[in-house]
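Have a look at the structure below before the remarks.
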Amino acid sequence: MISKVTLVKVIFFTKLSVALTCAWPPSPNTKKYNITLFQILWGMCYLSSTLLLLPLLNSIYMYRDDPVILAKSVCLSCAVLQVTLKMMVCRIKYNHFQMLYYEMETFCKQADEKTSVILQYYVNKYKCIYGIYTLWCYITAIGVICGPLVFPQEFPTHAKYPFSITQAIKILVYLHQSLVGLQVAAGMCIDCNIAILLFYSAVKLELLAQEFRNVKNESELDACINLHNEILRYTSKVTSVIKPLILITITTTATGVIFGSLNMVTEQPLMIKIQYSVVVFSASVELFMCALPADNLIHKSNKVYLAAYESQWYRKNINMQKKILQIIVRSQKSVVVCINGILPALSLRYYAGFLYTSFSYFTAVRMLVNDNNIEIN
Numbered sequence: 001m002i003s004k005v006t007l008v009k010v011i012f013f014t015k016l017s018v019a020l021t022c023a024w025p026p027s028p029n030t031k032k033y034n035i036t037l038f039q040i041l042w043g044m045c046y047l048s049s050t051l052l053l054l055p056l057l058n059s060i061y062m063y064r065d066d067p068v069i070l071a072k073s074v075c076l077s078c079a080v081l082q083v084t085l086k087m088m089v090c091r092i093k094y095n096h097f098q099m100l101y102y103e104m105e106t107f108c109k110q111a112d113e114k115t116s117v118i119l120q121y122y123v124n125k126y127k128c129i130y131g132i133y134t135l136w137c138y139i140t141a142i143g144v145i146c147g148p149l150v151f152p153q154e155f156p157t158h159a160k161y162p163f164s165i166t167q168a169i170k171i172l173v174y175l176h177q178s179l180v181g182l183q184v185a186a187g188m189c190i191d192c193n194i195a196i197l198l199f200y201s202a203v204k205l206e207l208l209a210q211e212f213r214n215v216k217n218e219s220e221l222d223a224c225i226n227l228h229n230e231i232l233r234y235t236s237k238v239t240s241v242i243k244p245l246i247l248i249t250i251t252t253t254a255t256g257v258i259f260g261s262l263n264m265v266t267e268q269p270l271m272i273k274i275q276y277s278v279v280v281f282s283a284s285v286e287l288f289m290c291a292l293p294a295d296n297l298i299h300k301s302n303k304v305y306l307a308a309y310e311s312q313w314y315r316k317n318i319n320m321q322k323k324i325l326q327i328i329v330r331s332q333k334s335v336v337v338c339i340n341g342i343l344p345a346l347s348l349r350y351y352a353g354f355l356y357t358s359f360s361y362f363t364a365v366r367m368l369v370n371d372n373n374i375e376i377n
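For the sequence shown, counting from 1, position 193 maps to 193 in full-length UniProt numbering; every step adds exactly one.
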């Protein structure tokens, strides 16, 4: 019999999925020894990804006259660059992420029956989407890692090293590239971390909306207002720390989709086209994992002022009516993930536009490659 998927299991699964990036800091109450061990592990993982990123960037330069290999190298370089940059952001924002995750886990452990019902509702609604996505990321990575077993190439990537690769170190290079491939999958799963924080914020806003509907006196209203302020502070911290991660996802996945798609339309063996079709699909879906909870957060934040309006405010005294009016006015400004001048508001609408723009650029790049091939012939 399959056991029930609970929030505790979801959090553990998410922590496990990003273990190779050290993106989920240990609790502040963890022993100093374990924190030191975590930091050492982060350094080793970061060094590992960097040691493949540099040869991949070198391969872009070395194969600049070969559009096919160039497209492969750019696509895989974006994947490794993404996990490297995300690890750096998580390290720089270590204290912020630590407190955000700790507050969320503490809240979930202390949840009452009503809160547990809503939390479980979210788990049941989204467990398949994010569970399948996580497994898909690792399956994609394994598919690229196993490329040399099917295609006439020595390694999963075309990385160019500043030394000759002898038979003695060939196995080490292959194992290292395989490890980084799994790190790339873990880096893509960091977006599930972001999703958990955004969904948690939405849950708190949904609970607050219920409290507003049931307000009976001014003391209860004041408690709701204070809780609303706390939630807004938390969501402000969340949106602030995840902005760099969202920007990294947008830029690297867009580039990866554009150049990865070239391997699907150029003269390539069928298996290579299938391999890069999987890679492009994975990159295309990645931003969706953040856009979905961000869109949900927008709707939940809007429902707060509707709940305040439905609280029978017209039967309250003048002082309570003024406070409720302030809540209604303030709540009409949605909680959004945005980057000034770059990202207006992360949502499903933005995600649709992102896909359209990415494939439009791909069409332009494809025409350039075709023109270049015609000139060569």
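Every residue, glycine too, gets a C-beta built ideally from N, C-alpha and C.
9 Å or more divides the Cβ of I145 from the Cβ of Q120. An exposed status is given to C128, since fewer than 16 other beta-carbon atoms sit within 10 Å of its beta-carbon. The Cβ atoms of A209 and S17 lie no closer than 9 Å to each other.
By the criterion of a C-beta distance shorter than 6 Å, L306 is surrounded by no residue of its chain, once the five residues flanking it on both sides are discounted. Taking one beta carbon from each stretch, the stretch 95–110 and the stretch 245–265 have fewer than 3 pairs nearer than 8 Å; the two do not touch. Contact check between the stretch 256–269 and the stretch 330–347: fewer than three CB pairs, one atom from each, fall below 8 Å, which does not count as touching. As for any beta strand (DSSP E) of minimum length 3 sitting wholly inside the stretch 224–250, there is none. DSSP places I142 within a helical segment (H, G or I) once states are collapsed to three. With a cutoff of 9 Å on beta-carbon distance, Y133 and M264 are scored as not near each other.
By the neighbour-count criterion, in which a residue is buried when 16 or more other Cβ atoms sit within 10 angstroms of its Cβ, A352 is exposed. Contact between the stretch 149–169 and the stretch 212–224 is absent: fewer than 3 CB-CB pairs across the two stretches fall below 8 Å. DSSP places L297 in the helix class (H, G or I) of the three-state scheme.
Taking 9 Å as the cut-off, the Cβ atoms of S49 and V173 do not count as close. Residue pairing from DSSP places L343 in a beta bridge opposite I339. Residue environment for Q326: exposed (fewer than 16 other C-beta atoms within 10 angstroms of its C-beta). A291 carries a helical assignment under DSSP once its states are collapsed to helix, strand and coil.
Contact annotation: S201 and I231 have beta-carbon atoms nearer than 9 Å. Taking one beta carbon from each stretch, the stretch 22–30 and the stretch 84–98 have 3 or more pairs nearer than 8 Å; the two touch. Take the alpha-carbon of M88 and the one of A79: they are about 15 Å apart. Between the C-alpha atoms of S73 and T253 there is a straight-line separation of about 14 Å.
For P28, there is no enclosing alpha helix (DSSP H), as DSSP gives it neither H nor E.
For D191, the enclosing alpha helix (DSSP H) has its first and last residue at 167–213.
E286 is classed as buried because its beta carbon has at least 16 other beta carbons within 10 Å across all chains shown. Runs of the alpha helix (DSSP H) lying entirely within the stretch 30–115 and spanning at least 4 residues, in chain order: 32–62, 67–92, 94–109. Between L346 and A294 a beta carbon distance of about 4 Å is seen, short of the 8 Å cut, so the two are scored as contacting. Taking 8 Å as the upper bound for CB-CB distance, H158 and S59 are in contact here, some 5 Å apart.
Taking the C-beta atoms as reference points, I298 is found nearer than 9 Å to S334. When V184, V150, A291, L70 are compared, the shortest CA-CA separation from W136 is found for V184.
Considering only F359, L197, E218, L76, the residue with the shortest C-alpha distance to L57 is L76. Sequence-distant partners of L41 (beyond 5 residues in either direction) whose C-beta falls short of 6 Å from its own C-beta, in its chain, are C22. For D191, the number of other beta carbons within 10 angstroms of its own is at least 16, and it is reported as buried. Look at E218 here: in three-state DSSP terms it is helix. With distances taken between CA atoms, I69 lies nearest to E267 out of S219, I196, E267, S360. In the DSSP assignment, V5 falls outside any alpha helix (DSSP H), carrying neither H nor E.
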